Amino acid sequence: MKGKKTDDFVKIAEDKFSSGFNCAESSLIAVTAAMDIKSDMFPRIASGFGGGVSRYGSICGALSGTIMAIGAFCGRDEVNDPEEKQKFYDMVSFLIEDFRKKFGFIDCKSLTDCDLRTEEGRNKFDTEGIHNKKCSEYVRFAVKKGIEILNSR
């Protein structure tokens, strides 16, 4: 993190999210920046995960992007190390459980109360300002927790 604080990377995520990157892309960009991980695949690899995986309302994109960043930093390269696999799963589980405890759900549809696959759901999302009122907080929280988890590793 080279002299920067977690809040600096949370701000990066906020800026990316408000500029048009989706929740997963924004989270991935910020957490990988915090861990000084570079790849031509970022943020493209996360592009399909916004809106709970392409608006399907599944797992929150902020979580997905952060999980991808955790994997980029300390995911496994070999399949024959069950301890490393378990350590990784434990980190991700910790992130997901903290998120669920704070917000009550981990799925986009429940978190936003919108079905983003429908015009009605997208209109509600836009007219009620859910991007700024709710989703920005999900991005901030996931990024902050992800960085904390990786720093405590």
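Take the position in the sequence shown, starting the count at 1, then add 50; the result is the number in my numbering. Just so it is clear, CB atoms sit at the ideal spot from N, CA and C, and this is done for glycine as well. These figures come from a predicted structure and were not determined experimentally.
Straight across, the Cα-Cα distance linking residue 101 with residue 188 is about 12 Å. Distance between residue 104 and residue 83, taken at the CA atoms: about 24 Å. Under the three-state reduction of DSSP, residue 109 is assigned to strand. In the DSSP annotation of this structure, the continuous segment of the alpha helix (DSSP H) that includes residue 170 starts and ends at 169 to 177. Residue 180 and residue 64 have their C-alpha atoms some 14 Å from each other.
If you check the CB distance, residue 107 and residue 159 come in under 9 Å. In this structure, the CA atom of residue 157 is about 30 Å from the CA atom of residue 131. Shown here, residue 157 sits in a strand according to DSSP, grouped into three states.
Within the same chain, 56 come within 8 Å of residue 198 by CB-CB distance, once the 5 residues on both sides are set aside.
Boundaries of the alpha helix (DSSP H) harbouring residue 190: 186 to 201, taken from the DSSP string. Here the alpha carbons of residue 124 and residue 75 stand approximately 19 Å from one another. When the five nearest sequence neighbours on each side are left out, the beta carbons in the same chain lying within less than 8 Å of the beta carbon of residue 72 are those of 96, 97, 99, 100, 101 and 111, in order along the chain.
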